[in-house]
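Just below is one structure, and these are the notes that go with it.
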Amino acid sequence: MKIIRTYSLLIIVLLSFENSRAQQLKNMKKNPEIEQKIQALLTRMTIEEKVGQMNQYNGFWDVTGPAPEGGSAEKKYEHLRKGWVGSMLTVRGVEQVKAVQKIAVEDTRLGIPLIIGFDVIHGYKTLSPIPLAEAASWDLNAIKKSAEMAAAEASASGINWTFGPMVDISRDARWGRSMEGAGEDPFLGSKIAVARVQGFQGDNLSSPNTIAACAKHFAAYGFSESGKEYNTVDIGTSTLHNIVLPPFKAAVDAGVRTLMNSFNELNGVPATGNVYLQRDILKGKWGFNGFVISDWASLNEMITWGHAKNKREAARLAALAGSDMDMEGYVYIEELAQLVKDGVIKEAILDDAVARILRIKFELGLFDDPYKYCDENREKEIIGSKKVHEAVLDMAKKSIVLLKNQNKILPLKKEGQKIALIGALASDKNSPLGSWRIAAENNTAVSVLEGMQQYKGNELLFEKGPDFFIGESNFLQEVKINTTDKSGIKEAIETAKKADVVVMVLGENGFQSGEGRSRTELDLPAIQQELLEEVYKVNPNIVLVLNNGRPLSINWADKHIPAIVEAWHLGTETGNAVAQVLYGDYNPSGKLPMTFPRNVGQVPIYYNYKNTGRPTNKDNNVFWSHYSDVEKTPLYPFGYGLSYTTFEYSDIKLSETSFKIGDDVNVSVTLKNTGKVTGKEVVQLYIRDLYASVTRPVKELKGFELVELKPNESKTIHFTLNKETLGFYNNIGDYVIESGEFEVFVGGSSETTNKAEFNLVD
951 MKIIRTYSLL IIVLLSFENS RAQQLKNMKK NPEIEQKIQA LLTRMTIEEK VGQMNQYNGF
1011 WDVTGPAPEG GSAEKKYEHL RKGWVGSMLT VRGVEQVKAV QKIAVEDTRL GIPLIIGFDV
1071 IHGYKTLSPI PLAEAASWDL NAIKKSAEMA AAEASASGIN WTFGPMVDIS RDARWGRSME
1131 GAGEDPFLGS KIAVARVQGF QGDNLSSPNT IAACAKHFAA YGFSESGKEY NTVDIGTSTL
1191 HNIVLPPFKA AVDAGVRTLM NSFNELNGVP ATGNVYLQRD ILKGKWGFNG FVISDWASLN
1251 EMITWGHAKN KREAARLAAL AGSDMDMEGY VYIEELAQLV KDGVIKEAIL DDAVARILRI
1311 KFELGLFDDP YKYCDENREK EIIGSKKVHE AVLDMAKKSI VLLKNQNKIL PLKKEGQKIA
1371 LIGALASDKN SPLGSWRIAA ENNTAVSVLE GMQQYKGNEL LFEKGPDFFI GESNFLQEVK
1431 INTTDKSGIK EAIETAKKAD VVVMVLGENG FQSGEGRSRT ELDLPAIQQE LLEEVYKVNP
1491 NIVLVLNNGR PLSINWADKH IPAIVEAWHL GTETGNAVAQ VLYGDYNPSG KLPMTFPRNV
1551 GQVPIYYNYK NTGRPTNKDN NVFWSHYSDV EKTPLYPFGY GLSYTTFEYS DIKLSETSFK
1611 IGDDVNVSVT LKNTGKVTGK EVVQLYIRDL YASVTRPVKE LKGFELVELK PNESKTIHFT
1671 LNKETLGFYN NIGDYVIESG EFEVFVGGSS ETTNKAEFNL VD
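If you count the sequence shown from 1, you need to add 950 to reach this note's numbering.
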């Protein structure tokens, strides 16, 4: 602890725990036996072979068929045989992986095995909910289990490395890749990052059912201007250190073995060539000893950015900045060896990068058995197994958020009613799989229609209504929206007239979110809003089930529809999860990980904003921080979600009202289930540092606990605030904790007003 500056009575203390030396040593700890083998191998490698380890190619032909002739595929094949390829991606299936690994191990001079990468984002072939939906569960054990199941399936298919988790914090729902992360909050995002890393990697990376994880995108990709994919990022150092970097730091501390840099530039420097991010922070300050891979061809993109003149310059900048592996860029393989021979780059730069790559290959056990992930029997046994499906269904149910339940329309009665199920998405078996599902087969999701058909006590009337989307969609195509063909609306209206309750499944196509899927509107796409309003005119007793990969603007629905269920894109078991929640066999407990705006004009909107100098409107004049056409509050706040039961919070109790810096602040609150059914509540703790050398948000999440209570049952929840949660990063990236006044809030969402106060003194 060191006093670095005094502001009158306020003392800022620099705490060494920020980069816990014990944790740093753990991160930097290397296996001496592996390190000896790495050094021995490096001495035998030519410059070209070293560069080859830094080169990753996408799958380029049916490896079990004849070798390619002509074109880039033949060149890749030649490089593979020469040992000039260190990794391949999108090669999958035991047969294919074994064949390509055989070339690397048996046909090259040194026989260095390949590491096989794949985008295992929310499952492999059997899909869990999209990551944003999983984050809505706030259930770290379930999220870890989901990653374990994904790793089990992927590793059984020959894969040993995933390009996940994405730990980007995003406050902008327009950005399509919001679906791939954990939302807007760095504390929740950090906890989920750790859970996913631990789920993918397990306790033993050499186990055949685990895979190396990759935290991405380093860094600040979620802050792309205007929510537009691949765009520039311009943020201050306070946002960088307090919002963007914490989940990456948490992943590194949890032992993540690889990181992927991001497409964006930061402060005018593309992340791929950013020395400050990769050398100074990641490999320097944090002591990371894994390796960094570029995103797809991002080395080349430094030329387009206007940062590098040509491929030679791009190779130099990226290598010096700490980008260890080039994903499908052809930059290192074409330029790096000559740069070393010309004396522009020292061979030690290559040695450092290659040692990092070899280290992961040794840790995975690939040198001991290159074919350890290539077991045909295991592939048949694990992929699509009952165990995987059960875990995926459990995760899907936990991801659902109940946004509104006026007049207790939910849960549905199980008999004696006519239920109208309306909407093209209700019978869709493809869209619920969501984006980022490369290995999954199309149309393999359980539809909501199929899920509800499992309940036999009611008469289920299904009407598809108009098509929302035109033609087939895939990862590479934009989704085509139907805005003109209204055929089917009349039939939907007639069906709704006959029903006691109408369930409408509306929202986004599964491919409307994800990479390259930015939107300028956040309303219901296509003619869905018109369909909703027309059905409401004849039967307002509606349950709206939302399918989406981002927060939507549903103002009209919030004002008119009595029940709204946020069901995201829930993956393979979508229909079963939705039906079990609608019929009350599972009591929803999800809470929003991102704020829902009233309209797109509020975006970016987030709970942990900072006060302005004029935050209130005491005199009812125009000169205050507000919008003139809509409330400045969100439609649904971060952390919000209802249950089929109700909960009551007691006043907050503190062990003291004044604490010394470094002491633990003990906080407790009693939670009671005041309803008639057992339910779960995510108890959330927030703080506010009222006066600081760098202004602090109005609230910051610093703790949460998922609590299950029976009717009338009570439980006292204890939280501890300490040096790890009471401080912040200053504008040069040092972690500080300051004396002063604090508020602490505990409740069921970020809008809780249940508050207590305490002081920190020097």
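Even for Gly, the Cβ is constructed at its ideal location relative to N, Cα and C.
- For S1248, the uninterrupted alpha helix (DSSP H) segment begins and ends at 1248-1255.
- The bridge partners DSSP lists for N1497 are G1457.
- Nearest C-alpha to K1560 among S1600, E1650, V1495, K1610: E1650.
- Taking the Cα of I1062 as reference, the smallest distance to any Cα among P1543, K1075, S1037 is reached at S1037.
- About 4 Å separates the beta carbon of V1117 from that of A1143, a gap short enough to meet the 8 Å contact definition.
- Contact annotation, G1415 with I1431: C-beta distance approximately 15 Å; criterion of less than 8 Å not satisfied.
- In this structure Y1171 is buried. Its beta-carbon is surrounded by 16 or more other beta-carbon atoms within 10 angstroms.
- E1103 sits close to I1332, with the two beta carbons spaced by under 8 Å.
- About 5 Å separates the Cβ atoms of E1134 and M1544, confirming a contact at the 8 Å cut-off.
- Short of 6 Å from the beta carbon of N1008, and not among the five residues preceding or following it, lie these beta carbons of its own chain, in chain order: L1039, T1040, E1278.
- In this structure, the CA atom of G1131 is about 8 Å from the CA atom of G1139.
- By the Cβ-count criterion, A1298 is exposed, with fewer than 16 other Cβ atoms from all chains shown falling within 10 Å of its own Cβ.
- With respect to the C-alpha of F1198, the residue from L1472, V1242, A1305 having the closest C-alpha is V1242.
- Annotation: the continuous beta strand (DSSP E) that includes T1208 extends over 1208-1211.
- In this structure, DSSP gives S1188 a helical state, which the three-state scheme calls helix.
- In the DSSP assignment, N1008 falls within the unbroken beta strand (DSSP E) covering 1005-1008.
- Between R1467 and S1503, the gap from beta carbon to beta carbon reaches 8 Å or more.
- Counting of Cβ neighbours within 10 angstroms places P1081 among the buried residues, the total reaching 16 or more.
- DSSP, read as helix, strand or coil, puts W1236 in coil.
- In this structure, the alpha-carbon of A1165 lies about 45 Å from that of L1410.
- Among the bridge pairs identified by DSSP, T1433 is matched with none.
- In the structure shown, S1022 adopts helical secondary structure according to DSSP, grouped into three states.
- When only Cα atoms are considered, F1695 and P1584 end up about 19 Å apart.
- Setting aside the 5 residues that flank it on each side, V1515 is surrounded in the same chain by I1350, V1351, L1352, L1353, L1360, V1493, L1494, V1495, L1496, V1528, V1531, L1532, P1538, each with a C-beta closer than 8 Å to its C-beta; the list follows chain order.
- Counting only runs that start and end inside the stretch 1073-1133, the alpha helix (DSSP H) elements of at least 4 residues fall at 1081-1085, 1090-1106.
- DSSP, reduced to helix, strand and coil, places M995 outside both helices and strands of the structure shown, so it counts as coil.
- For A1390, there is no enclosing beta strand (DSSP E), as DSSP marks it with neither H nor E.
- Looking at the DSSP output, M1275 bridges to I1243.
- At least 8 Å separates the beta-carbon of G1149 from that of A1106.
- By a beta-carbon distance limit of 8 Å, N1681 contacts T1187. Their separation comes to about 5 Å.
- The residue from Y1586, F1609, Y1594, D1508 with its alpha-carbon nearest to that of E1483 is D1508.
- Under the DSSP assignment, H1167 falls in the beta strand (DSSP E) whose first and last residues are 1164-1168.
- Between the alpha carbons of F1573 and V1580 lies a gap of roughly 16 Å.
- Here M1099 really is in contact with V1342; their C-beta atoms are around 7 Å apart, less than 8 Å.
- For a cut-off of 8 Å, the C-beta gap from Q1634 to G1540 is around 13 Å, too long to register as a contact.
- Here A1346 is not near K1075, since their CB atoms are 8 Å or more apart.
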